[in-house]
Amino acid sequence: MILALQIGGGTIVALALFQLCLGVYSSVAAVFRERRLDARHLQHFNDLAQAALRNAEVDRLKSGTTWAGKRKFRIVEKRVENKCGDICSFYLQPHDGGELPPFLPGQFLTFELPISDQPAPVIRCYSLSDSPSRLDRYRVTIKKLSPPPDAGETVPGGLSSTYFHANLKEGDVVDVQAPKGGFVLDLQSERPVVLIGGGVGLTPVLSMLKALDDAGSHREVHFFHAARSGDDIVLCDEIREIAERRNNVHYRVLYSAPTDACVEGRDYDCPGFLTVDVLKRYLTSSNYEFYVCGPPQMMSSLTEQLRDWGVPDSDIHFEAFGPASVKTVKSPTSSREAAESVQVEFSRSGKKVSWHEQDGTLLDLAERNGIRVASGCRAGNCGTCATALKEGDVTYVTRPASSPAQGSVLMCIACPGGNVILDA
Numbered sequence: 275m276i277l278a279l280q281i282g283g284g285t286i287v288a289l290a291l292f293q294l295c296l297g298v299y300s301s302v303a304a305v306f307r308e309r310r311l312d313a314r315h316l317q318h319f320n321d322l323a324q325a326a327l328r329n330a331e332v333d334r335l336k337s338g339t340t341w342a343g344k345r346k347f348r349i350v351e352k353r354v355e356n357k358c359g360d361i362c363s364f365y366l367q368p369h370d371g372g373e374l375p376p377f378l379p380g381q382f383l384t385f386e387l388p389i390s391d392q393p394a395p396v397i398r399c400y401s402l403s404d405s406p407s408r409l410d411r412y413r414v415t416i417k418k419l420s421p422p423p424d425a426g427e428t429v430p431g432g433l434s435s436t437y438f439h440a441n442l443k444e445g446d447v448v449d450v451q452a453p454k455g456g457f458v459l460d461l462q463s464e465r466p467v468v469l470i471g472g473g474v475g476l477t478p479v480l481s482m483l484k485a486l487d488d489a490g491s492h493r494e495v496h497f498f499h500a501a502r503s504g505d506d507i508v509l510c511d512e513i514r515e516i517a518e519r520r521n522n523v524h525y526r527v528l529y530s531a532p533t534d535a536c537v538e539g540r541d542y543d544c545p546g547f548l549t550v551d552v553l554k555r556y557l558t559s560s561n562y563e564f565y566v567c568g569p570p571q572m573m574s575s576l577t578e579q580l581r582d583w584g585v586p587d588s589d590i591h592f593e594a595f596g597p598a599s600v601k602t603v604k605s606p607t608s609s610r611e612a613a614e615s616v617q618v619e620f621s622r623s624g625k626k627v628s629w630h631e632q633d634g635t636l637l638d639l640a641e642r643n644g645i646r647v648a649s650g651c652r653a654g655n656c657g658t659c660a661t662a663l664k665e666g667d668v669t670y671v672t673r674p675a676s677s678p679a680q681g682s683v684l685m686c687i688a689c690p691g692g693n694v695i696l697d698a
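Per this note's numbering, the very first residue in the sequence shown carries number 275; after that it's consecutive.
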């Protein structure tokens with residue numbers, strides 16, 4: 275049945291290896307039991323077999339089919355996920371009836387949305403929120419973003435999230451690019467892991483937890499789920515179900531603004547914001563791999579606190595969507611140079627403009643000058659804004675999730691290091 279869901283030689287080989295491991299494990303384990311060999315030998319074999327199963331699962335995920343460019347998907351279900359009603363899950367199936375490739379836990383989908391009054395399709399990225407082993411449909415879970423509290427009445431909320439919530443319904447068709455992204459969990463690692471999700475930012479780390487569950491991993495897992503209150507929290511029942519089945523999974527809920535109806539010890543574990551001091555209550559040391567996704571302020575604060583705790587950058591993995599910067603890199607220019615402008619030439623558009631430090635990224639500069647550049651995440655994750663750099667150098671205000679092709683730059687997180695010429 276599983277084989278019928280897959281296509282491609284690599285996938286069949288990976289699944290065959292997976293099934294072979296299961297068969298060998300069952301047969302040899304039975305022999306061990308019959309001969310009543312030392313329990314330590316059986317445990318050693320069990321560990322080896324589990325490792326083989328995990329490796330086979332990784333091969334299966336990596337060998338899945340994919341598609342180039344856009345593919346049409348039908349919304350088969352739209353589900354409100356919280357009491358506030360501002361977070362919905364959208365379940366997607368291929369409009370062509372074809373197969374779905376698996377994805378790596380933590381990856382996202384890129385949507386091209388034909389929003390009215392926009393000069394071009396709006397490109398946005400949303401994390402996959404379900405198990406990578408779920409091959410009948412994809413799920414993305416999206417919060418409708420409100421305007422900033424101090425904004426005027428004429429300032430709209432999130433462009434793409436409002437479109438999803440207000441315009442899209444079951445049966446509608448959307449254009450989707452294949453899963454991608456570098457914020458992925460290493461299923462082959464045996465190290466203990468801390469998964470941290472703030473608000474709707476829990477979606478990629480929930481997918482990671484489900485992948486560990488599906489792989490039968492015995493890794494020590496701590497899942498910290500931060501929300502404002504019980505009215506805002508989403509998908510907590512799915513996490514609790516896994517934590518109740520697996521004694522290696524520990525689930526903690528924090529409410530920053532619990533309502534009177536929220537009961538500490540029943541609905542949530544801790545009041546307040548998630549900080550390293552909270553983590554220290556439950557973690558025996560800092561020797562974990564940390565995966566963090568949430569609001570920009572939480573991520574910026576928490577990643578700095580983790581580093582102060584002694585966690586190396588190599589163990590801090592994060593995902594950001596939107597223009598906020600995490601792990602900001604200081605510009606190497608001197609104060610005198612910063613006060614001066616540099617010239618940015620957009621060769622394809624035939625425009626030359628001046629850039630000052632307050633102008634922000636090259637993508638910001640391009641958009642303010644009427645130069646159209648495709649973009650998605652605006653945080654250096656999706657690669658949509660990659661543009662050829664013909665002359666000059668740039669610096670990144672945040673570390674890219676993955677490096678662009680040689681000779682290209684990610685305009686959404688790049689600032690000029692001097693005069694530059696871009697193929698835009």
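Heads up, the beta-carbon is just placed ideally off N, CA and C, and yes, glycines get one too.
Could you check which residue in the options has the C-alpha nearest to that of residue i?
i: residue 663; options: 679, 674, 657, 683; result: 683
i: residue 362; options: 450, 370, 474; result: 474
i: residue 665; options: 617, 501, 382; result: 617
i: residue 509; options: 356, 526, 551, 444; result: 356
i: residue 391; options: 418, 433, 482; result: 433
i: residue 548; options: 638, 697, 540, 578; result: 578
i: residue 495; options: 576, 575, 486, 530; result: 486
i: residue 542; options: 569, 505, 571, 461; result: 505
i: residue 531; options: 521, 546, 630; result: 546
i: residue 448; options: 420, 367, 491; result: 367
i: residue 418; options: 503, 400, 408; result: 400
i: residue 525; options: 580, 534, 483, 489; result: 483
i: residue 562; options: 569, 696, 570, 553; result: 553
i: residue 409; options: 568, 351, 374; result: 374
i: residue 512; options: 403, 489, 574; result: 403
i: residue 623; options: 389, 536, 697; result: 697
i: residue 378; options: 440, 436, 680, 488; result: 488
i: residue 642; options: 653, 625, 654; result: 625
i: residue 370; options: 341, 569, 571, 633; result: 341
i: residue 695; options: 652, 628, 442; result: 628
i: residue 681; options: 693, 573, 661; result: 661
i: residue 551; options: 539, 630, 566, 582; result: 582
i: residue 446; options: 516, 534, 350, 461; result: 350
i: residue 540; options: 461, 679, 514; result: 514
i: residue 436; options: 358, 453, 534, 389; result: 389
i: residue 452; options: 359, 346, 431, 631; result: 346
i: residue 440; options: 534, 533, 354; result: 354
i: residue 358; options: 442, 387, 393, 507; result: 507
Determine whether the beta carbon atoms of residue i and residue j lie at a separation below 8 Å.
i: residue 398; j: residue 650; result: yes
i: residue 464; j: residue 493; result: yes
i: residue 621; j: residue 584; result: no
i: residue 659; j: residue 647; result: yes
i: residue 564; j: residue 468; result: yes
i: residue 544; j: residue 528; result: yes
i: residue 644; j: residue 669; result: no
i: residue 536; j: residue 503; result: yes
i: residue 500; j: residue 573; result: no
i: residue 640; j: residue 686; result: no
Could you tell me which residues DSSP puts in a beta bridge with residue i?
i: residue 495; result: 467, 523
i: residue 348; result: 367, 447
i: residue 698; result: DSSP output for residue 698 lists no bridge partner at all.
i: residue 500; result: 472, 528
i: residue 688; result: 670
i: residue 651; result: Beta-bridge pairing links residue 651 to no other residue.
i: residue 412; result: 366
i: residue 377; result: Its beta-bridge partners do not exist; DSSP assigns none.
i: residue 407; result: Bridge partners of residue 407: none, in fact.
i: residue 397; result: 386
Could you tell me how far apart the beta carbons of residue i and residue j are, in whole angstroms, since I believe they sit closer than 8 Å?
i: residue 689; j: residue 637; result: Not confirmed; about 10 Å, so no contact.
i: residue 498; j: residue 470; result: 5 Å
i: residue 715; j: residue 376; result: The chain is shown from 275 up to 698; residue 715 falls before or after that span and cannot be answered.
i: residue 450; j: residue 344; result: 7 Å
i: residue 569; j: residue 472; result: 5 Å
Is there a Cβ from chain D that is less than 8 Å from the Cβ of residue i?
i: residue 536; result: The structure shown contains no chain D; it holds only a single protein chain.
If we count Cβ pairs, one from each stretch, closer than 8 Å, do we get three or more for the stretch 467-478 versus the stretch 673-680?
-> no
Is there contact between the stretch 453-467 and the stretch 577-593, where contact requires at least three CB pairs shorter than 8 Å?
-> yes
How do the stretch 367-387 and the stretch 402-414 stand: do at least 3 beta-carbon pairs fall below 8 Å, yes or no?
-> yes
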